[in-house]
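Let me begin by presenting the structure, written as C-alpha cells, before commenting on it.
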C-alpha cells in the first residue's frame, strides 16, 4: 500500500514561561526524590539500630512494627554492621 507521503505536523514550540514551569517541576520532583531516599536511609538505619538494641528477636519486633519481613530487617542489619565495620577500618 503505497500512497502519497503524509505531511508532518509542525512541532509545537514552548514559550519561555512554559519551559521554566516544566524545569521547576522537574527540579521539585528531583528534590523530592532525594528527600525520599534520605528518609528511607534514615528509616533503615533506625530499624537496624533498634533491631540490634533489642538483641535476640529484635529483627522480628521491628518487622512486625514496620510490616517488613524479619529476613529483610536481618539483612538490613547485617549490611549496616558491615558498613560500620568497613568505615571504622
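Numbering (the numbering used here), first residue to last: 149 to 237.
For each residue, glycine too, the CB sits at the ideal point set by N, CA and C.
Here the structure is a predicted model, which means the values were calculated and not measured.
Where residue i falls: helix, strand or coil (DSSP)
i, result
"residue 157", "coil"
"residue 229", "helix"
"residue 175", "helix"
"residue 237", "coil"
"residue 215", "coil"
Sub-8 Å separation of residue i and residue j beta-carbons
i, j, result
"residue 202", "residue 225", "no"
"residue 193", "residue 208", "no"
"residue 205", "residue 198", "no"
Supposed contact pair residue j and residue i - C-beta distance, whole angstroms, cut 8 Å
i, j, result
"residue 221", "residue 230", "About 15 Å separates the two Cβ atoms, so there is no contact after all."
Residue from the options whose Cα sits closest to the Cα of residue i
i, options, result
"residue 228", "190, 214 and 213", "190"
"residue 200", "175, 223, 180 and 182", "223"
"residue 162", "216, 183, 171 and 151", "171"
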